[in-house]
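From first to last, the protein sequence lines stand for chains A and B.
Per this note's numbering, residue 2 is the first one in the first sequence, and the count goes up by one each step.
Per this note's numbering, residue 5 is the first one in the second sequence, and the count goes up by one each step.
In this text, a Cβ means the ideal position worked out from N, Cα and C, and glycines have one as well.
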Amino acid sequence: DTGVSQDPRHKITKRGQNVTFRCDPISEHNRLYWYRQTLGQGPEFLTYFQNEAQLEKSRLLSDRFSAERPKGSFSTLEIQRTEQGDSAMYLCASSLAGTGGAVGTDTQYFGPGTRLTVL
Amino acid sequence: AQSVAQPEDQVNVAEGNPLTVKCTYSVSGNPYLFWYVQYPNRGLQFLLKYITGDNLVKGSYGFEAEFNKSQTSFHLKKPSALVSDSALYFCAVRDKGGGSQGNLIFGKGTKLSVKP
């Protein structure tokens with residue numbers, strides 16, 4: 002399967018613990034996005050990378066959240082000192098932003114998500 | 005600010021009947037609009053997008069969407085619904101405000117239920 006993959010698929014942790022999620026994008030894609038989805042809501046943007054550069058962060062991304070994309074390949078999202086309000090599905094998406102199309106026209110392809118439960 | 009509204013939480017359709025899932029948007033400038041489908045415990049699957057050109061966009065699994073600039077709508081349609089179409093559908097617009105060029109802004113989703 003050459004789609005976007007995420008690991009783990011499920012994570013249960015206790016409040017106050019740190020967790021880290023991994024996303025492997027489609028191999029030739031240069032953009033990578035993180036979203037958070039809570040029950041009954043659409044996904045909400047957290048941050049995105051173009052290659053290894055983190056170009057934008059949402060105000061939802063508190064200081065306890067950090068994301069990296071070393072070497073412009075896979076990405077990790079870490080949540081420190083988890084809170085119960087962090088319980089959600091964390092989705093990763095990737096896209097190929099080329100030079101031919103206008104900005105924002107690239108299609109984002111999503112992974113299966115990591116479901117986080119904070120007890 | 006860019007926004008998307010899906011006015012129906014749930015749409016119920018009989019198998020074989022046409023279906024419509026509604027979406028309206030509010031953007032500055034030309035909108036880039038997307039539809040995704042989500043099956044239980046799975047990520048979002050891309051269905052189709054409108055960037056420019058023909059107002060009727062054809063996508064995966066027999067779905068299509070009609071862009072209407074005057075009504076600021078981008079309704080998802082299918083001529084004949086299948087039970088397997090039952091899922092959660094999300095409309096999204098590309099955020100081009102405040103210098104953002106990347107992220108999608110999603111509606112709350114519409115649950116489609118197709119009965120045999």
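Below-8 Å beta-carbon distance, residue i vs any chain A residue
| i | result |
| --- | --- |
| Lys-112/B | yes |
| Tyr-93/B | no |
| Lys-73/B | no |
| Asn-131/B | Here chain B has residues from 5 to 120 only, and residue 131/B is not among them. |
| Phe-50/B | yes |
| Asn-16/B | no |
| Lys-53/B | yes |
| Tyr-65/B | no |
| Leu-23/B | no |
| Leu-37/B | no |
| Gly-47/B | yes |
Presumed contact (8 Å Cβ cut-off) between residue i and residue j, rounded CB distance
| i | j | result |
| --- | --- | --- |
| Thr-1/A | Lys-53/B | Outside the shown range of chain A (2 to 120) lies residue 1/A, about which nothing can therefore be said. |
| Pro-26/A | Tyr-36/A | Not quite, the Cβ-Cβ distance comes to about 14 Å (not below 8 Å), so this is no contact. |
| Gly-20/B | Ala-85/B | 7 Å |
| Ala-68/A | Ser-76/A | 6 Å |
| Cys-27/B | Ser-64/B | So it is not a contact: roughly 17 Å between Cβ atoms. |
| Gly-36/B | Thr-106/A | Strictly speaking, residue 36/B in this sequence is Tyr, with Gly absent from that position. Confirmed, Cβ separation roughly 6 Å. |
| Arg-65/A | Phe-50/A | Incorrect: roughly 19 Å between the Cβ atoms, too far for contact. |
| Gly-116/B | Asp-89/B | Per the sequence presented here, residue 116/B reads as Leu, with Gly not at that position. About 6 Å separates the two Cβ atoms, so the contact holds. |
| Pro-44/B | Pro-83/B | No, Pro-44/B and Pro-83/B are not in contact; Cβ-Cβ is about 25 Å, not under 8 Å. |
| Val-118/B | Val-17/B | 5 Å |
Beta-carbon gap between residue i and residue j smaller than 8 Å
| i | j | result |
| --- | --- | --- |
| Val-25/B | Leu-80/B | yes |
| Met-90/A | Gly-114/A | yes |
| Tyr-29/B | Val-8/B | yes |
| Gly-106/B | Glu-57/A | yes |
| Ser-96/A | His-11/A | no |
| Ala-98/A | Tyr-110/A | no |
| Asn-59/B | Phe-67/B | no |
Same chain, Cβ closer than 6 Å to residue i, neighbours up to 5 away in sequence not counted
| i | result |
| --- | --- |
| Phe-110/B | Phe-94, Ala-96 |
| Leu-78/A | Phe-22, Trp-35, Ala-68 |
| Thr-3/A | none |
Test: residue i CB closer than 8 Å to a CB of chain B
| i | result |
| --- | --- |
| Arg-32/A | yes |
| Glu-79/A | no |
| Pro-71/A | no |
| Tyr-49/A | yes |
| Pro-44/A | yes |
| Phe-111/A | yes |
| Leu-40/A | no |
Counterpart residues of residue i in DSSP-defined beta bridges
| i | result |
| --- | --- |
| Ile-109/B | Val-97/B |
| Ser-77/B | Thr-28/B, Asn-72/B |
| Phe-75/A | Looking at the DSSP assignment, Phe-75/A forms no beta bridge with any residue, so it has no partner. |
| Ser-59/A | Paired residue(s): none; Ser-59/A is not in a bridge. |
| Asp-25/A | Ser-6/A |
| Val-8/B | Tyr-29/B |
Contacting residues, own chain, Cβ-Cβ under 7 Å from residue i (five flanking each side not counted)
| i | result |
| --- | --- |
| Val-119/A | Thr-14, Arg-16, Thr-83, Glu-84, Gln-85, Asp-87, Ser-88 |
| Tyr-40/B | Leu-48, Gln-49, Phe-50, Leu-51, Phe-94, Ala-96 |
| Pro-120/B | Glu-19, Val-87 |
| Pro-71/A | Glu-53 |
| Asp-121/A | The first residue shown for chain A is 2 and the last is 120, placing residue 121/A beyond what the model contains. |
| Leu-62/A | Leu-47, Thr-48 |
Cβ-based neighbour list, residue i, same chain, cut-off 8 Å, excluding 5 preceding and 5 following
| i | result |
| --- | --- |
| Gln-42/B | Leu-48, Gln-49, Ala-91, Leu-92, Tyr-93, Phe-94, Gly-113 |
| Pro-11/B | Lys-26, Thr-28 |
| Thr-3/B | Nothing about residue 3/B can be reported from this structure: the residues present for chain B run from 5 to 120 only. |
| Val-20/A | Lys-12, Thr-14, Glu-79, Ile-80, Thr-83, Leu-117 |
| Gly-73/A | Asn-31, Phe-50, Asn-52, Glu-53 |
Closer than 7 Å: residue i CB and nearest the ligand FMN heavy atom
| i | result |
| --- | --- |
| Thr-14/A | For the ligand FMN, the structure offers nothing, since it holds no ligand at all. |
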